[in-house]
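Here is the structure we will look at, set down as structure tokens.
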């Protein structure tokens, strides 16, 4: 019996057979992989806030125990594979329900995808540059982005690669057909797209006859197909009726994705445009390489069939199955839902590109191999995902950083102040507030969580009664603050009842503040005359305005102006003057006239003590 070598020995032997230039290229690829893993970990340590979709899933997740986690459909039109839900639930029970823990499976799936691709490249296809090919995936922006997400999309990629590996074990005779069928039957409970990949691989097994007649092929393989198909089919039927049907038949979900499906039989220019739009959605994730990837992917179809490679053909057929499901309006086209296809595309590209470096002559083969290595390394470096997300500022989501907003609120709120949470931010705020719907945690301050958007389409009387009846109230708006659909009633109503100002705006995620009395506003200003020039009987004063308060001056939905006592507009100020910032403006007056002015928006004065006088005898600041 041949002695089985350890993985370490195998890797050493593999490396020793490489020429020096190949080792150098692979060494750089290894550095890229290491940088990618470190980047993913750093992204999750940054502490980015959950965004709405994550928080909506976390709502159901946090409110249920293990016994009723999947007893009924998740709230807020959310869905996730049953196995994935239980895995994450157990993790939170062991490690705590924090946003970092919720994202651990995604981070682990990113590392797992890299490991499985390496296994595929070395064990199945034996490509020339396995490490560098994995480096392309490690630096892929979309994979890094979703390694920092409490959703099952990147784990789909992991389980679909595992589906391919299990099929290869069956092809080589290491696994019996029944074992493959049971394994696939289990995997679909962890990832919905496993159905498409398994279906494509089975189609390849049926139609790739390797010169045999179909009847002979059928007779030889029927028992194996039944052993695979029966457990898989039974598992899928049970899974569908137990879990999938609840969201697959939900009218809200169907309506939301109505425009994101492939036309099965395009019959018009509109259908062709729809196909173009959806293809762009998929391949635009490769950024500057999208056209090259599309062309190579199409060209390698011929390569796969020429080699009669069941795995490659099966993967291509899995894409076709997915498109067919989309045509039946069962699986809409979206980068996150289709994330599982990207590792599979990378697998095909790696195998095809590496194969193009093969040559009959030794010298020719070496030359091609060197060129292929440089191309692969260049593509990995061109991806740019690591460079982008290495900067922590790029990890945050503008408009969605409610976690930071919440932390700020807890640090500044006073006992006599209230909080109102706009409906779109409710799931996020509720998560960080420990699902206390009446008080801001550890402060005793009253909280009202909105249920509906504040528009004419909903009965918002109770919400507005709470707001206008509050002497002082913080308003958590988040990403919806600049959307007229949500603010058309809010801003005029609160300005009419008192004073409404923006007091926080980190990462374009603002918080507003309402008060009834002008003495309670957060805005404050100071002025200095920095220069004055007189020409032809007119004196022009350059005035420096400093925002000395806690509120932003002239935010969206306001037009802040410098107005004279007579009501004449003397100057208009720029938007969003942050606390501590200064702005200069000019006022021209005939000599020797004096004038007093103040700041106001379309609703009136913004704060007390905004008046300032210019004219003869008023000193210029030193």
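In the numbering used here, the protein residues as written are -17 to 604.
The beta-carbon is built from N, C-alpha and C at its ideal position, and this holds for glycine as well.
The structure displayed is predicted, hence computed values, not measured ones.
Asked                                                                                                                                                                          : Found
Taking the straight line between their C-alpha atoms, what separation do you get for residue 164 and residue 361?                                                              : 38 Å
Evaluate the contact criterion for the stretch 16 to 25 versus the stretch 120 to 134: three or more CB pairs, one atom per stretch, below 8 Å.                                : yes
Buried or exposed, going by whether 16 or more other CB atoms sit within 10 Å of the CB of residue 486?                                                                        : buried
Per DSSP, which one or two residues make a beta bridge with residue 593?                                                                                                       : According to DSSP, residue 593 bridges with nothing at all.
Let me check you understand the geometry: is the CB of residue 259 closer than 7 Å to at least one non-hydrogen atom of the ligand MN?                                         : With respect to the ligand MN, the structure offers nothing, as it holds no ligand at all.
Return the chain-ordered list of same chain residues with a C-beta closer than 7 Å to the C-beta of residue 532, the five sequence neighbours on each side being excluded.     : 485, 504, 561
Between 568, 578, 240, 575, which has its C-alpha nearest residue 553's C-alpha?                                                                                               : 568
How about the stretch 165 to 179 and the stretch 135 to 155: do they share at least three Cβ pairs that are nearer than 8 Å?                                                   : yes
Just reading off the beta strand (DSSP E) that residue 613 is part of, what are its end residues?                                                                              : Since the first residue of the chain shown is -17 and the last is 604, residue 613 is not available in this structure.
Counting Cβ pairs closer than 8 Å, one from the stretch 3 to 16 and one from the stretch 112 to 119, do we hit at least three?                                                 : yes
What separation, rounded to the nearest whole angstrom, lies between the Cα atoms of residue 442 and residue 433?                                                              : 9 Å
Any beta-carbon of chain B closer than 8 Å to the one on residue 352?                                                                                                          : Absent here is chain B; the protein component of the structure consists of one chain.
What separation, rounded to the nearest whole angstrom, lies between the Cα atoms of residue 105 and residue 237?                                                              : 44 Å
If you draw a straight line from the C-alpha of residue 8 to the C-alpha of residue 429, how long is it?                                                                       : 56 Å
Considering residue 16, what are the terminal residues of the alpha helix (DSSP H) in which it resides?                                                                        : 2 to 27
Put residue 601 into one of helix, strand or coil per three-state DSSP.                                                                                                        : coil
If we count the other Cβ atoms within 10 Å of its Cβ and call it buried at 16 or more, is residue 523 buried or exposed?                                                       : buried
If we count Cβ pairs, one from each stretch, closer than 8 Å, do we get three or more for the stretch 202 to 213 versus the stretch 282 to 291?                                : no
Using alpha carbons as the reference points, say which of 585, 506, 417, 350 lies closest to residue 431.                                                                      : 417
Can you tell which of 510, 576, 548, 521 has its C-alpha closest to the C-alpha of residue 603?                                                                                : 510
Can you give the beta carbon distance from residue 148 to residue 162, rounded, assuming they're within the 8 Å contact cut?                                                   : 6 Å
Within the same chain, show all residues whose beta-carbon is closer than 7 Å to that of residue 52, passing over the 5 residues directly before and after it, in chain order. : 64, 67, 225
For residue 565, list the residues DSSP reports as bridge partners.                                                                                                            : 527
I'd like the span of the alpha helix (DSSP H) that includes residue 45, first residue to last.                                                                                 : 34 to 45
What's the C-alpha gap between residue 48 and residue 272?                                                                                                                     : 43 Å
What residue ranges within the stretch 68 to 111 form continuous alpha helix (DSSP H) runs of no fewer than 4 residues, ordered along the chain?                               : 81 to 101
Quick one: using the 10 Å Cβ neighbour count with 16 as the cut-off for buried, is residue 3 buried or exposed?                                                                : exposed
Which runs of the alpha helix (DSSP H) at least 4 residues long sit entirely within the stretch 228 to 260? Give them in chain order.                                          : 233 to 238
Does residue 574 come out as helix, strand or coil in the three-state DSSP assignment?                                                                                         : coil
Pairs of beta-carbons, one from the stretch 240 to 254 and one from the stretch 303 to 312, closer than 8 Å: are there three or more?                                          : yes
So does the stretch 386 to 397 actually touch the stretch 349 to 368, counting three or more Cβ pairs closer than 8 Å?                                                         : no
Looking only at its own chain, which residues have a Cβ that is under 6 Å from the Cβ of residue 342, when we skip the five neighbours before and after it?                    : Low confidence applies to residue 342: its pLDDT is 46, below 50, so where it sits in the model is not reliable enough to give any reading.
Considering only the beta carbon of each residue, do residue 529 and residue 558 sit closer than 8 Å?                                                                          : no
When burial is assigned at 16 or more other CB atoms within 10 Å of the CB, is residue 415 buried or exposed?                                                                  : buried
Keeping to the same chain, check which residues put their C-beta closer than 8 Å to that of residue 556; ignore five residues upstream and five downstream.                    : 536, 565
For the beta strand (DSSP E) that contains residue 553, what are its first and last residues?                                                                                  : 551 to 554
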